[in-house]
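Q: Sharing a structure below in structure tokens format, with a few things to ask.
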Amino acid sequence: MTVCMECQEINGFPNFESVQATIVPDNGAMHISCNKGHTTLHVLTQPKHELLSELSICAIKDGYYREGVVSFASALESLYRFYVKVILLTNGVDSKEFEKSWSAINLSERQFGAFSIAYLIETGVAYKNLPADQVKFRNKVVHNGQIPSLDEAIQYCQSAATCALPIIKQLESDKYIKTKTDIISSISASARNKAESIGMRISAGGILTPLSLRPGQSEINIANYLEEHKNWNVENVVAEIATHATALNSLLTPETRD
Ligand SMILES: [Zn+2]
Numbered sequence: 020m021t022v023c024m025e026c027q028e029i030n031g032f033p034n035f036e037s038v039q040a041t042i043v044p045d046n047g048a049m050h051i052s053c054n055k056g057h058t059t060l061h062v063l064t065q066p067k068h069e070l071l072s073e074l075s076i077c078a079i080k081d082g083y084y085r086e087g088v089v090s091f092a093s094a095l096e097s098l099y100r101f102y103v104k105v106i107l108l109t110n111g112v113d114s115k116e117f118e119k120s121w122s123a124i125n126l127s128e129r130q131f132g133a134f135s136i137a138y139l140i141e142t143g144v145a146y147k148n149l150p151a152d153q154v155k156f157r158n159k160v161v162h163n164g165q166i167p168s169l170d171e172a173i174q175y176c177q178s179a180a181t182c183a184l185p186i187i188k189q190l191e192s193d194k195y196i197k198t199k200t201d202i203i204s205s206i207s208a209s210a211r212n213k214a215e216s217i218g219m220r221i222s223a224g225g226i227l228t229p230l231s232l233r234p235g236q237s238e239i240n241i242a243n244y245l246e247e248h249k250n251w252n253v254e255n256v257v258a259e260i261a262t263h264a265t266a267l268n269s270l271l272t273p274e275t276r277d
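Residues 20 to 277 (my numbering) make up the sequence shown, in order.
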């Protein structure tokens, strides 16, 4: 959900009528148009695995349990790739060389092997993978079209999130944080450059996702996150904000309203 930054800059307060739900594109760079005709490129400053984990919870909330499992499985694979990239670039490897090497091992088992060894080199301990029954379950859902129950979907996502937690914590440490930020920034670079070249306003920020750790957070609880999520119905939030916006606008003087 976004608010027009240009309106805020002009008026000195947010234009609540510009609040809207927006689809997140693959590069995380969203074109936003407000009700006053302003356009902004809003860039999500977070990696793909976080966005995929959020899509998973959205799907489960809406009753698409199979899609929820598939998206969380993709989030974990995306995290493995991101981890290896951060580790290699921190150690001086060129980004293009990483991309070449990674695409050469384009099967998920091979990529998982590369991740496991990178993790072992960096931490000195073996990566604790998903329990065998969860790997079997995921493969049945992803490859055999199994339709899971709600409980099975939550259980799988919880197992995947538990696996992801030590990786995410490691990437948040001082050693890797700059490389991590640089990589995220480069994902939307071409969209940003294009927007800048035509003078379009650019804003940046993140959204809360199951794999985005809040300060001091030591665990990820998918069932709790899903419960919280049920209160974030976009249509309800937009309708509520629109009501406040109408009331707020009626309080404004004509000079400040336009
Ligand atoms: Zn605006």
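Positions of the beta carbon are idealized from the N, C-alpha and C atoms, including for glycine.
All figures in this text were calculated on a predicted structure; none of them were measured in a lab.
#1: Can you pull every residue whose C-beta falls closer than 6 Å to some heavy atom of ligand 1, listed in chain order?
#2: Quick check: the region 223 to 231 against the region 63 to 80, are at least 3 beta-carbon pairs closer than 8 Å?
#3: Spatial neighbours of M24 within its chain, please: C-beta separation below 7 Å, excluding the five flanking residues on both sides.
#4: Does the beta-carbon distance from F91 to K104 come in below 7 Å?
#5: Quick one: what does DSSP say L74 is sitting in, helix, strand or coil?
#6: Tell me the rounded alpha-carbon separation between G225 and V144.
#7: Thinking C-alpha only, which one of L149, T109, S114 is nearest P185?
#8: What does DSSP give as the partner residue(s) for A223 in the beta ladder?
#9: Provide the residue span of the beta strand (DSSP E) that contains I51, from first to last.
#10: State the DSSP-derived secondary structure class of Q39, mapped to helix, strand or coil.
#11: Would you decide whether R100 is buried or exposed? Buried here means 16 or more other CB atoms lie within 10 Å of its CB.
#12: With 16 other CB atoms within 10 Å as the buried threshold, where does S120 fall?
#13: Taking the C-alpha atoms as reference points, what is the distance between D152 and G132?
#14: Would you check if there are 3 or more beta carbon pairs closer than 8 Å linking the region 29 to 37 to the region 169 to 189?
#15: Can you grab the Cα-Cα spacing for the pair R276 / I217, in whole Å?
#16: From what residue to what residue does the alpha helix (DSSP H) around G132 run?
A: A quick look at the data gives this:
#1: Result (chain order): C23, E25, C26, N34, S37, C53, K55, H57.
#2: Contact between the region 63 to 80 and the region 223 to 231 is present: three or more C-beta pairs spanning the two stretches fall below 8 Å.
#3: Correct list, in chain order: T59, R220, S222.
#4: One thing to note: F91 has its Cβ no nearer than 7 Å to the Cβ of K104.
#5: The answer is helix: DSSP assigns L74 an H, G or I state.
#6: Distance between the alpha carbons of G225 and V144 is about 32 Å.
#7: Comparing Cα positions, the closest option is L149.
#8: Answer is V62, bridged to A223.
#9: Note, I51: beta strand (DSSP E), 48 to 52.
#10: If DSSP states are grouped into helix, strand and coil, Q39 belongs with the strands.
#11: Of the residues assessed, R100 falls on the buried side of the cut-off, its CB having 16 or more other CB atoms within 10 angstroms.
#12: It is exposed - the Cβ of S120 has fewer than 16 other Cβ atoms within 10 Å.
#13: Looking at the two C-alpha atoms, the distance is approximately 19 Å.
#14: Counting C-beta pairs with one atom in each stretch, the region 29 to 37 and the region 169 to 189 have fewer than three that are closer than 8 Å, which means they do not touch.
#15: With a pLDDT of 49 at R276, under the threshold of 50, the modelled position of this residue cannot be trusted, and the question is left open.
#16: First-last of the alpha helix (DSSP H) with G132: 127 to 142.
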